[in-house]
Ligand code: GLN
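In UniProt numbering, the protein residues as written are 1 to 515.
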């Protein structure tokens with residue numbers, strides 16, 4: 001049953017940094033350990049291991065310890081703020097925070113401290129969750145490796161020559177390096193699930209509108225969605241319930257009760273999937289997928305069958321056009337969203353020496369403030385939206401989006417959840433794809449359909465690939481507002497996976513040393 005994890009010894013690690021968030025929460029609630037002790041243990045681990053990982057762009061020791069002290073006081077008064085009160089968390093640097101900078105991994109926002117808190121940050125604070133700091137990411141969440149950060153890459157704790165995924169590689173690496181038991185990511189095309197897959201952690205993209213986008217710096221507004229990351233399915237569920245729910249500040253927020261995801265995760269841990277219909281997406285997992293990924297996926301499907309699930313193959317014929325549609329829609333929306341970085345209102349301003357016109361200052365600022373991938377997307381999007389091309393590109397992509405949504409509707413008429421590998425390959429080497437945008441884009445082949453359709457999806461670790469020993473992720477997809485199904489199936493699978501091997505997956509994270 002145990003999804004308990006214990007950190008391999010290494011710089012700054014202690015028993016506390018090895019525990020799951022649910023376990024830490026229980027110990028804090030019972031008064032066995034204080035939130036301050038738990039927070040200090042994670043801050044010490046961060047200090048010791050960051051030179052090897054670089055998961056964080058900003059760590060605020062004092063603010064974190066203050067928040068922990070508050071959580072301890074509330075507990076002492078008998079009024080803990082939430083079931084996760086006192087548990088530390090790593091926050092992706094794309095969500096605004098009034099007490100810490102928010103850079104989105106970009107020179108454009110270097111040193112910018114926002115005047116308002118994102119709803120996600122505000123809900124974390126209200127829940128007594130301790131924010132340790134802000135995590136590294138691809139600039140404005142564009143990328144699959146965290147190599148597009150203006151502040152240098154993050155390294156994968158399983159092999160520091162490899163990428164931790166992207167754009168949320170800082171959050172996933174912080175979990176796998178035991179720097180934090182919880183993290184927040186955002187997923188526009190896969191940036192929660194792909195990093196989770198390649199670091200052996202759990203990541204969930206909730207239903208679009210399930211978690212508020214207020215204060216989430218926009219990349220592609222019709223796709224962006226914040227979500228929970230953890231080392232176990234239960235931890236992700238507990239975090240999901242803290243951040244989810246209607247927010248009048250986000251006009252796309254769903255005004256409906258949050259699915260009962262924690263209860264579903266606890267139910268699922270019993271490992272009984274009788275009566276659950278699982279569809280294997282025929283279009284994903286064949287040619288072009290690494291052998292170890294295919295093997296891991298096949299084993300995972302066998303495990304689901306052994307738990308009593310009824311497994312059938314389902315065809316989603318338009319999924320193969322998802323990547324193409326995404327790389328028109330996302331850049332189109334980004335070209336519009338990123339127009340706000342104009343050197344006038346906030347953020348970087350270059351060349352304003354009294355000799356240049358407004359236009360010259362704008363253009364110098366955008367030239368120097370944005371990295372190459374962001375510029376590529378802005379150009380692609382501006383082109384796709386321009387008159388004369390709009391129908392052929394943007395309009396066509398929107399039609400494909402509708403077809404993909406219909407594929408999901410048809411599939412969910414037959415099955416309760418769909419499954420596929422999360423990514424076609426395991427973590428690649430740093431530098432390997434930087435000059436090949438198409439190869440980089442393919443990392444999100446299997447994750448993008450759920451962004452286009454807006455349904456919920458999770459990546460849960462499915463073991464290690466035989467050829468390189470790197471983690472593989474199983475993707476589970478559920479209909480919109482049926483996020484609880486992800487957690488039930490994910491928790492059942494996780495429990496069976498751990499029962500089948502002698503050591504739990506995260507006990508196998510290699511011992512990290514600082515050079
Ligand atoms: N890798 C995808 C991209 O570069 C997805 C990014 C994301 O989900 N934020 O667009």
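C-beta: ideal position from N, C-alpha, C; glycine also.
Please report the distance separating the alpha-carbon of residue 500 from that of residue 20. Translated into the one-based positions of the chain shown, residue 500 becomes position 500. Translated into the one-based positions of the chain shown, residue 20 becomes position 20. So the two alpha carbons sit approximately 20 Å from each other.
Sort out for me which residues DSSP pairs residue 184 with in a bridge. For the purposes of this step, residue 184 is taken as the residue at position 184 of the chain shown. Beta-bridge pairing links residue 184 to 91, 228.
Check whether the segment 83-94 touches the segment 123-132, counting contact only when three or more Cβ pairs, one atom from each stretch, lie closer than 8 Å. Contact between the segment 83-94 and the segment 123-132 is present, because at least three Cβ pairs lie under 8 Å.
What three-state label does DSSP hand residue 512 in the structure shown? Within the chain shown, the letter at position 512 stands for residue 512. Reduced to three states, the DSSP call for residue 512 is coil.
Using 10 angstroms around the beta-carbon of residue 368, count the other beta-carbons present and answer buried if the total reaches 16, otherwise exposed. By one-based count along the chain shown, residue 368 stands at place 368. Classification for residue 368: exposed.
To which residues does DSSP link residue 159 through a beta bridge? By 1-based counting over the chain shown, the position of residue 159 is 159. Answer by DSSP bridge pairing, in chain order: 156.
Quick check on residue 142: buried or exposed, where buried means 16 or more other Cβ atoms within 10 Å of its Cβ? As a first step, residue 142 is located in the chain shown; it is residue number 142 there, counting from the start. Label assigned to residue 142: buried.
Between which two residues does the beta strand (DSSP E) containing residue 408 stretch? Counting from one through the chain shown, the residue named residue 408 turns up at place 408. First-last for residue 408: 396-414, but that is the alpha helix (DSSP H), not the beta strand (DSSP E).
Hey, residue 187 and residue 455 are a contact pair by Cβ (cut 8 Å); roughly how many whole angstroms apart? In the chain shown, counting from the first residue as 1, residue 187 sits at position 187. In the chain shown, counting from the first residue as 1, residue 455 sits at position 455. At roughly 12 Å, the Cβ-Cβ gap does not stay under 8 Å, so residue 187 and residue 455 are not in contact.
First through last residue of the alpha helix (DSSP H) which encompasses residue 179: Sequence index remark: in the chain shown, residue 179 carries index 179 (1-based). Taken as a continuous stretch (DSSP letters only), residue 179 belongs to no alpha helix (DSSP H), as it is neither H nor E.
Residue 332: beta carbon under 7 Å from a heavy atom of ligand 1? Looking up residue 332 in the chain shown gives position 332. Checking the 7 Å criterion, the Cβ of residue 332 is out of range of every heavy atom belonging to ligand 1.
Locate the beta strand (DSSP E) running through residue 58, then write down its first and last residues. Here residue 58 refers to the residue found at position 58 of the chain shown. From DSSP, the beta strand (DSSP E) with residue 58 extends over 56-59.
Measuring alpha carbon to alpha carbon, tell me which of 477, 466, 396 ends up nearest residue 412. Position 412 of the chain shown, counted from the first residue, corresponds to residue 412. Of the listed residues, the one whose Cα sits closest to residue 412 is 477.
I'd like the list of long-range same chain contacts for residue 124, defined as Cβ closer than 8 Å, with 5 residues on each side in sequence excluded. Here residue 124 refers to the residue found at position 124 of the chain shown. Correct list, in chain order: 89, 91, 131, 184, 242, 243.
May I have the straight-line CA-CA distance separating residue 493 from residue 293, to the nearest angstrom? Counting from one through the chain shown, the residue named residue 493 turns up at place 493. Counting from one through the chain shown, the residue named residue 293 turns up at place 293. Near 17 Å, if we compare the C-alpha coordinates of residue 293 and residue 493.
What number of angstroms, rounded off, separates the C-alpha of residue 254 from the C-alpha of residue 296? To locate residue 254, count along the chain shown from 1; it is residue 254. To locate residue 296, count along the chain shown from 1; it is residue 296. Here the alpha carbons of residue 296 and residue 254 stand approximately 35 Å from one another.
Take residue 421 as the anchor and find which of 363, 116, 30, 471 has the nearest alpha-carbon. For this step, residue 421 is matched to residue 421 along the chain shown. For the residues 363, 116, 30, 471, the minimum Cα distance to residue 421 belongs to 471.
So what's residue 336 in DSSP terms, helix, strand or just coil? Reading the chain shown from its first residue, position 336 is the one you call residue 336. Three-state DSSP puts residue 336 in a helix.
My output table needs one value for residue 205: the three-state DSSP class, helix, strand or coil. Counting from 1 along the chain shown, the entry for residue 205 is found at position 205. Strand at residue 205.
Alpha-carbon to alpha-carbon, residue 436 and residue 163: For the purposes of this step, residue 163 is taken as residue 163 along the chain shown, with counting starting at 1. For the purposes of this step, residue 436 is taken as residue 436 along the chain shown, with counting starting at 1. Each residue's alpha carbon lies about 15 Å from the other.
Exposure label - residue 3; buried when at least 16 CB within 10 Å: Taking the first residue of the chain shown as 1, we reach residue 3 at position 3. Interpretation of residue 3 is limited by its pLDDT of 39, a score under 50 that renders its predicted location unreliable; the figure taken from the coordinates is listed afterwards. Buried.
Assuming residue 39 contacts residue 55 (C-beta within less than 8 Å), just tell me the rounded distance between them. Indexing the chain shown from 1 puts residue 39 at position 39. Indexing the chain shown from 1 puts residue 55 at position 55. Contact between residue 39 and residue 55 is ruled out by a C-beta separation of about 16 Å, above the 8 Å threshold.
Which residue wins for smallest C-alpha separation from residue 225, given the options 214, 235, 377? As a position in the chain shown, residue 225 is number 225, starting the count at 1. Ranking 214, 235, 377 by Cα distance to residue 225 puts 214 first.
The alpha helix (DSSP H) that contains residue 120, what's its start and end? As a working mapping, residue 120 is identified with position 120 in the chain shown. Run containing residue 120: 119-126, per the alpha helix (DSSP H) assignment.
Between which two residues does the beta strand (DSSP E) harbouring residue 367 extend? Stepping through the chain shown from its first residue, residue 367 is reached at position 367. Looking at the DSSP string, residue 367 is not in any beta strand (DSSP E); the run it does join, the alpha helix (DSSP H), is 358-369.
In the DSSP assignment, find the beta strand (DSSP E) that holds residue 473 and state where it starts and stops. Walking along the chain shown from the start, residue 473 turns up at place 473. Looking at the DSSP string, the run of the beta strand (DSSP E) that includes residue 473 is 471-478.
Roughly how many whole angstroms lie between the Cα atoms of residue 170 and residue 482? For the purposes of this step, residue 170 is taken as residue 170 along the chain shown, with counting starting at 1. For the purposes of this step, residue 482 is taken as residue 482 along the chain shown, with counting starting at 1. Rounded to the nearest angstrom, the two C-alpha atoms are 28 Å apart.
Is it true that the CB of residue 227 sits closer than 8 Å to the CB of residue 182? On the chain shown, position 182 is the one that residue 182 refers to. On the chain shown, position 227 is the one that residue 227 refers to. Their beta carbons are not under 8 Å apart, which means residue 182 does not touch residue 227 by this criterion.
Give me the Cα-Cα distance between residue 113 and residue 286, rounded to the nearest whole angstrom. Taking the first residue of the chain shown as position 1, residue 113 is located at position 113. Taking the first residue of the chain shown as position 1, residue 286 is located at position 286. The alpha-carbon atoms of residue 113 and residue 286 are separated by roughly 46 Å.
Residue range of the alpha helix (DSSP H) that residue 37 falls in? Within the chain shown, the letter at position 37 stands for residue 37. Counting along the chain, the unbroken alpha helix (DSSP H) around residue 37 starts and ends at 35-53.
Identify every run of the alpha helix (DSSP H) within the segment 282-323, keeping only runs that are complete inside it and at least 4 residues long; order them along the chain. 291-306
Assign residue 179 to buried or exposed, taking buried as 16 or more other Cβ atoms, counted over all protein chains shown, within 10 Å of its Cβ. As a working note, residue 179 is residue 179 in the chain shown. It counts as buried.
Going by DSSP in three states, residue 381 sits in which element: helix, strand or coil? Within the chain shown, the letter at position 381 stands for residue 381. Three-state DSSP puts residue 381 in a helix.
Per DSSP, the bridge partner or partners of residue 260: Numbered from 1 along the chain shown, position 260 holds the residue referred to as residue 260. For residue 260, which the question treats as bridged, DSSP gives no partner whatsoever.
Touching or not, the segment 308-322 and the segment 267-286, by the rule of three or more beta carbon pairs under 8 Å? The answer is yes - the segment 267-286 touches the segment 308-322, with three or more Cβ pairs under 8 Å.
Just grab the DSSP bridge partners of residue 133 for me. The sequence position of residue 133 within the chain shown is 133, counting from 1. The partner list for residue 133 (beta bridge, DSSP) reads 59, 90.
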